[in-house]
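Numbering (this note's numbering), first residue to last: 61 to 353.
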């Protein structure tokens with residue numbers, strides 16, 4: 061197994077656990093922004109500790125690095141807020157799957173921003189996965205396109221676009237650091253997480269007074285979000301450093317299998333036959349991508 065696939069699958073495991081924890085936080089009184097802030101607040105000190113243990117040296121980087129890192133951090137904040145809000149519209153497995161529009165969108169965003177393309181076979185596999193996503197956006201009620209015009213579909217598409225932008229800009233930022241891949245991933249993560257704490261923290265102070273206090277007071281629950289976040293984020297960043305962001309996200313769709321298991325085993329939620337069909341298509345597309353990559 062190539063390193064980028066191993067990093068991606070590890071990221072999937074950590075991310076699935078984190079989404080489970082964030083789902084519980086969202087139902088415990090924290091706002092979507094508050095549950096998202098918990099992810100960054102506890103992750104930042106761990107990243108700084110890793111940076112210090114590595115020697116604390118940050119190489120000279122071009123201005124474009126900072127632009128990519130900040131844009132990536134902001135769009136990831138928006139994407140995560142959409143995902144947390146999405147959990148209130150559909151069950152856990154479908155909520156995670158809806159955001160997988162990011163894969164196809166990342167292919168186009170990567171081409172537009174970084175000039176990176178993918179093969180025809182990889183695109184076919186991605187489209188197969190998209191078909192599975194569309195099966196899962198069709199809520200009961202309405203006719204034709206009206207059946208796709210629902211809150212869950214809008215949130216899923218928005219989160220997909222924001223995740224696409226963040227993934228591509230993270231890859232762009234990491235490639236601008238003159239270091240080996242593991243260090244590039246860590247340094248990019250350091251800048252991104254720090255900026256996210258500052259930006260989202262300022263937003264909460266101005267717009268959602270008391271939310272930061274609730275996150276800190278609930279540290280026994282919220283700290284686990286940060287721990288799983290920093291582990292998953294490092295694996296994602298390592299994957300982006302080594303491979304086209306669209307392919308990394310595409311393999312990351314294996315997350316839907318884990319989210320299905322979590323939905324049934326931990327949250328006692330039911331998944332319909334059509335939803336299983338969508339998940340099967342997405343899983344097949346991931347296996348095809350691994351085969352052609």
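All residues carry an ideal CB built from backbone N, CA and C; glycine is no exception. Fair warning: this is a prediction, and the values are worked out from it, not measured in the lab.
Checklist entry - Can you check whether the CB of residue 341 is closer than 9 Å to the CB of residue 188? => result Contact: yes.
Next on the checklist: With H, G and I counted as helix, E and B as strand and the rest as coil, what does DSSP make of residue 334?
Outcome noted: Residue 334 falls in the helix class under three-state DSSP.
Item to check | Supposed contact pair residue 227 and residue 101 - C-beta distance, whole angstroms, cut 8 Å | outcome: With a beta-carbon spacing of about 22 Å, residue 101 and residue 227 fall beyond the 8 Å limit used to define contacts.
Item to check | C-alpha gap between residue 331 and residue 220, whole angstroms | outcome: So the two alpha carbons sit approximately 22 Å from each other.
Next on the checklist: Three Cβ pairs or more, each shorter than 8 Å: is that satisfied between the stretch 111-131 and the stretch 300-313?
Outcome noted: The answer is no - the stretch 300-313 does not touch the stretch 111-131, with fewer than three Cβ pairs under 8 Å.
Next on the checklist: Does residue 239 come out as helix, strand or coil in the three-state DSSP assignment?
Outcome noted: Residue 239 falls in the coil class under three-state DSSP.
Checklist entry - What are the boundary residues of the alpha helix (DSSP H) that residue 271 is part of? => result First-last of the alpha helix (DSSP H) with residue 271: 271-277.
Checklist entry - Whose C-alpha, out of 237, 290, 268, 117, is nearest the C-alpha of residue 128? => result Out of 237, 290, 268, 117, 237 has the C-alpha closest to the C-alpha of residue 128.
Checklist entry - Just to confirm, are residue 224 and residue 234 a CB contact at a threshold of 9 Å? => result Between residue 224 and residue 234, the C-beta spacing is not below 9 Å.
Next on the checklist: Measuring alpha carbon to alpha carbon, tell me which residue in 84, 323, 343, 294 is nearest residue 66.
Outcome noted: It is 294 whose Cα lies nearest to the Cα of residue 66.
Checklist entry - Roughly how many angstroms separate the alpha carbons of residue 164 and residue 186, rounded to a whole number? => result Taking the Cα positions, residue 164 is about 6 Å away from residue 186.
Checklist entry - When you compare only the Cα positions, how much space is there between residue 162 and residue 76? => result If I take the Cα positions, the gap works out to 16 Å.
Next on the checklist: Could you check whether residue 255 and residue 134 sit closer than 9 Å to each other, using their CB atoms as the reference points?
Outcome noted: Remark: C-beta atoms of residue 134 and residue 255 approach each other more closely than 9 Å.
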